[in-house]
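Visitor: So the sequence lines, in the order shown, correspond to chains A and B.
Residues in the first sequence are numbered from 47 upward in steps of one, following this note's numbering.
Residues in the second sequence are numbered from 94 upward in steps of one, following this note's numbering.
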Amino acid sequence: NAGVTQTPKFQVLKTGQSMTLQCAQDMNHNSMYWYRQDPGMGLRLIYYSASEGTTDKGEVPNGYNVSRLNKREFSLRLESAAPSQTSVYFCASRRSPLASTDTQYFGPGTRLTVL
Amino acid sequence: DQQVKQNSPSLSVQEGRISILNCDYTNSMFDYFLWYKKYPAEGPTFLISISSIKDKNEDGRFTVFLNKSAKHLSLHIVPSQPGDSAVYFCAASGRTGNQFYFGTGTSLTVIP
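(1) What would DSSP say about A/Asp148, mapped onto helix, strand or coil?
(2) Pull up the DSSP beta-bridge partners for A/Gln52, would you.
(3) Would A/Gly99 pass as an interface residue toward chain B - the criterion being a Cβ-Cβ separation below 8 Å?
(4) Let's test the definition: count the other Cβ atoms within 10 Å of the Cβ of A/Phe56 and tell me whether it reaches 16, buried, or not, exposed.
(5) Against A/Phe152, what residues of chain B qualify as contacts under a CB-to-CB distance less than 9 Å, listed in chain order?
(6) Any beta-carbon of chain A closer than 8 Å to the one on B/Asn191?
(7) Name the one or two DSSP bridge partners that A/Gly88 has.
(8) Find the residues of chain B that neighbour A/Met87, judging by a C-beta separation of less than 7 Å, and give them in chain order.
(9) Does the beta carbon of B/Val121 come closer than 8 Å to any beta carbon on chain A?
(10) Once you ignore the five residues that flank B/Ser105 on each side, which residues in its own chain have a CB closer than 7 Å to its CB?
(11) According to DSSP, simplified to helix, strand and coil, what is A/Ser130?
(12) Tell me the residue span of the beta strand (DSSP E) that contains B/Ser101.
(13) Would you please state the rounded distance, in angstroms, between the beta carbons of B/Phe195 and B/Lys131? I believe it to be under 8 Å.
(14) Counting pairs of beta carbons, one from the stretch 111-121 of chain A and one from the stretch 69-86 of chain A, are three or more of them closer than 8 Å?
(15) Straight-line CA distance for B/Met122 to A/Leu158?
(16) Any idea what DSSP makes of B/Asp94, helix, strand or coil?
(17) When we look at the beta-carbon of A/Gly62 and count the other beta-carbons within 10 Å, is it buried (16 or more) or exposed?
(18) Taking 8 Å as the threshold (beta carbon to beta carbon), is B/Tyr118 in contact with chain D?
(19) Bridge partners for A/Thr159 per DSSP, in chain order?
(20) Helix, strand or coil, according to DSSP, for B/Asp148 in the structure here?
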């Protein structure tokens, strides 16, 4: 089992460019999440998908869109990248959207720099 | 506004001694609390959790204490080992469990 995988690992964009961060999990989890980690800010939730076919905004959704392509895959899109979106992005998955005691499993992260 | 706070960015402890990492929260609706450990260039991994109906949970060398009246939780690591050197995040969620709020992290260094 690979767990949660993310591609790419690193990316440099120019302001205004677009890109999609890919995330896949092979644990048959129902819920998937996108976070960003910035220095001094901890991890902040961008969007989540409680189950296949649903998506909801988190704390910091502005400038992002998401697609829950199927049960395995959850992508994050930056339509017009800005320097403020320079960050490390983590995808996570969780078995059940209903049980608050279910643990989140995280991918290794994508380090994005916007110039 | 940060709902979960870790006021100590870093902590150094001698090997074999106790490490105590602290976390405060502001939202009284939080009812589930977790600690994650993160190594450089890796994603966070789950360490230990506690429900608001408990005040203590142990797992081997790791114990989490919850003080609901003070809105404070702490992670104790005894004895500390060099492999424990990492960044530790506390996190909290409410009853619906879909949104998790993370602290800013504490970097623990265990000195051999």
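Every residue, glycine too, gets a C-beta built ideally from N, C-alpha and C.
Guide: The relevant details are as follows:
(1) coil
(2) A/Cys69
(3) no
(4) exposed
(5) Tyr129, Lys131, Glu135, Gly136, Pro137, Thr138 and Phe139
(6) Chain A, which has a Cβ nearer than 8 Å to the Cβ of B/Asn191, makes this yes.
(7) Note: A/Gly88 sits in a beta bridge opposite A/Asp84.
(8) Thr197
(9) Sequence check: residue 121 of chain B is Ser here, not Val. Not one chain A Cβ lies under 8 Å of B/Ser121.
(10) Thr202 and Ile204
(11) helix
(12) First-last for B/Ser101: undefined, no H or E at that position.
(13) The pair is not a contact, with the Cβ atoms about 10 Å apart (cut-off 8 Å).
(14) These segments touch.
(15) 34 Å
(16) Residue state, collapsed to three classes: coil.
(17) Counting Cβ neighbours within 10 Å, A/Gly62 comes out exposed, since fewer than 16 surround it.
(18) Any reference to chain D falls outside this structure, whose protein chains are A and B.
(19) A/Thr159 is bridged by DSSP to A/Val58.
(20) coil
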